[in-house]
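As numbered in my numbering, the sequence shown has no gaps in its residue numbers, which increase by one up to the final residue, 368.
Ideal placement from N, C-alpha and C gives every residue a C-beta, glycine not left out.
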Amino acid sequence: MLREYRNLRESGMIGEANTVLQQIEMQHLLKMRTTNLLSIDGLTSRLEMDSSEQFFLFAEVTGLVRIGQMRAGEKNMTVIAEWVPRCVMPRYKTTCLRWHPWDHSLFTSVGTDGRLNAWSAATMVPIQATELGYSLKYHSICNNPATEPLIAAAYAEHPGVPIVDLRDNMPCFKLGNRDVGVTSFVEWSPREKDRVLTMCPTGIYVWDIRSNRIPVKKLVPPDDRSNLRGMKVSSDGQHLFTLQGSNRFGVWHLPLMTFIQSTRSQESLASFDKKVQFDMFSPVQCDENYAFVPVQDFVHLMCLRTGNIPVHLNGPINGTDQCIYRRISQQLIICGIDSRPCLCTIPNDLQDLRENPLPEPAPVEDEF
């Protein structure tokens with residue numbers, strides 16, 4: 001099949017070549033297999049991995065927070081610390097956890113109680129709390145060590161994005177006003193330390209935090225069927241991946257802030273896409289080449305390089321709503337709403353396909 005792809009590419013038959021390339025990728029990716037359930041005996045509501053890909057934060061639906069460790073090559077996880085809240089209040093829920101990007105002795109959390117908490121990973125004790133007054137959906141810490149450790153948080157029902165200084169956990173200022181609507185997700189740009197991306201249902205705003213009232217640009221999918229439900233910046237900062245309410249997966253070139261293409265999900269899976277709830281955290285995981293999107297009992301995969309129609313991987317558990325991709329061991333950690341986290345292994349031949357990417361199809365020459 002690889003030879004067929006090359007022959008079609010050399011003949012200038014770009015569409016046919018891309019179809020064959022998609023079939024090649026599907027053959028590789030559908031071999032993903034379940035390794036085992038991790039030894040986390042509670043229902044996990046949120047999961048976060050640090051930059052070393054060895055330490056994990058778990059927030060359970062009861063409010064309990066745990067730190068787990070899993071070294072490269074290991075197939076199970078060891079719980080090394082946990083914090084049990086003094087008073088379990090079911091109406092409050094942790095909606096997002098974040099490791100500090102360069103100080104792994106700290107992590108932060110937000111929740112429906114409207115508080116931004118800074119934690120000590122060594123003692124598992126909250127060391128600071130900021131009362132922002134509204135339910136918080138999602139937050140992101142700036143990932144550039146050269147700048148101040150700032151946090152951008154998304155309100156659940158209030159316009160604007162508060163910026164908080166992690167050194168004293170005090171609010172600095174707020175991005176936007178009522179004109180930008182309610183923000184669902186926030187991401188710091190990996191390439192430009194002063195840039196913040198915020199997502200609302202009608203588009204994605206790009207902000208320069210030095211001028212916090214007026215966005216630099218608003219990114220709107222050109223097919224005008226946005227109703228955006230999720231976004232994620234690739235690890236190299238080159239691509240922005242979006243998930244639209246019209247069952248479309250969008251890819252943007254982030255440095256140029258231009259739209260590359262919009263790809264419809266597989267028709268047979270449209271019913272699954274419509275059921276997805278992206279109301280608490282960003283479910284999308286990206287590396288330089290692929291975006292992983294958990295959807296019900298499947299994990300969609302989109303190739304950022306070719307933009308092929310997403311492949312779907314059969315998930316090992318029901319109600320898949322979050323996944324973590326470990327580059328060091330080619331593994332996916334998949335979480336379900338009503339089940340323990342599960343470890344899945346992606347075959348090595350997928351890595352071979354990444355390290356030796358197939359050349360892009362040659363452009364069709366104009367005969368006139």
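{"Item": "Here's a check: name, in chain order, each residue in its chain whose Cβ is nearer than 7 Å to the Cβ of Cys87, leaving out the five neighbours to either side.", "Value": "Its pLDDT being 46, under 50, Cys87 is placed unreliably in this model, and the coordinates cannot settle the point."}
{"Item": "Ser234 to Ala291, Cα distance in whole Å?", "Value": "8 Å"}
{"Item": "Taking the runs of the beta strand (DSSP E) that are 3 residues or longer, which of them lie wholly in the region 106-135?", "Value": "106-111, 115-120 and 125-131"}
{"Item": "According to DSSP, simplified to helix, strand and coil, what is Tyr5?", "Value": "helix"}
{"Item": "Apart from the five residues on each side of it in sequence, which residues of its chain come closer than 7 Å, Cβ to Cβ, to Ser282?", "Value": "The predicted position of Ser282 is uncertain, since its pLDDT is 49 and thus under 50; no value can be drawn from it."}
{"Item": "Count the other CB atoms, across all protein chains shown, that sit within 10 Å of the CB of Gln261; report buried if there are 16 or more and exposed otherwise.", "Value": "exposed"}
{"Item": "Taking 8 Å as the cut-off, does the region 97-104 touch the region 50-59 (at least 3 CB pairs, one atom from each stretch)?", "Value": "yes"}
{"Item": "Identify the continuous beta strand (DSSP E) that holds Ile328 and give its terminal residues.", "Value": "It is not in any beta strand (DSSP E) - Ile328 carries neither H nor E in the DSSP assignment."}
{"Item": "Report yes if the CB atom of His162 is closer than 8 Å to the CB atom of Pro149, and no otherwise.", "Value": "Looking at the sequence provided, one finds Pro at residue 162 rather than His. The answer is no: Cβ separation not under 8 Å."}
{"Item": "Taking just the CA atoms, how far does Thr258 sit from Phe241?", "Value": "12 Å"}
{"Item": "Bridge partners for Val180 per DSSP, in chain order?", "Value": "For Val180, which the question treats as bridged, DSSP gives no partner whatsoever."}
{"Item": "Are the CB atoms of Leu166 and Ala118 within a distance shorter than 8 Å?", "Value": "yes"}
{"Item": "Short of 8 Å in beta carbon distance, which residues of its chain neighbour Val20, apart from the five on each side in sequence? Order them along the chain.", "Value": "Met1, Glu4, Tyr5 and Leu8"}
{"Item": "Select from Lys193, Val216, Phe55 and Trp252 the residue whose C-alpha is nearest the C-alpha of Thr147.", "Value": "Lys193"}
{"Item": "Quick check on this structure: which residue in Ala121, Ser135 and Glu82 has the alpha carbon closest to the alpha carbon of His104?", "Value": "Ala121"}
{"Item": "By the DSSP assignment, the beta strand (DSSP E) with Leu175 in it spans what residues?", "Value": "Met170 to Leu175"}
{"Item": "Go to Pro201, then tell me how far its beta strand (DSSP E) extends in each direction, as first and last residue.", "Value": "Looking at the DSSP string, Pro201 is not in any beta strand (DSSP E), and its letter there is neither H nor E."}
{"Item": "Any idea which residues DSSP pairs Asp165 with across the strands?", "Value": "Leu150 and Met170"}
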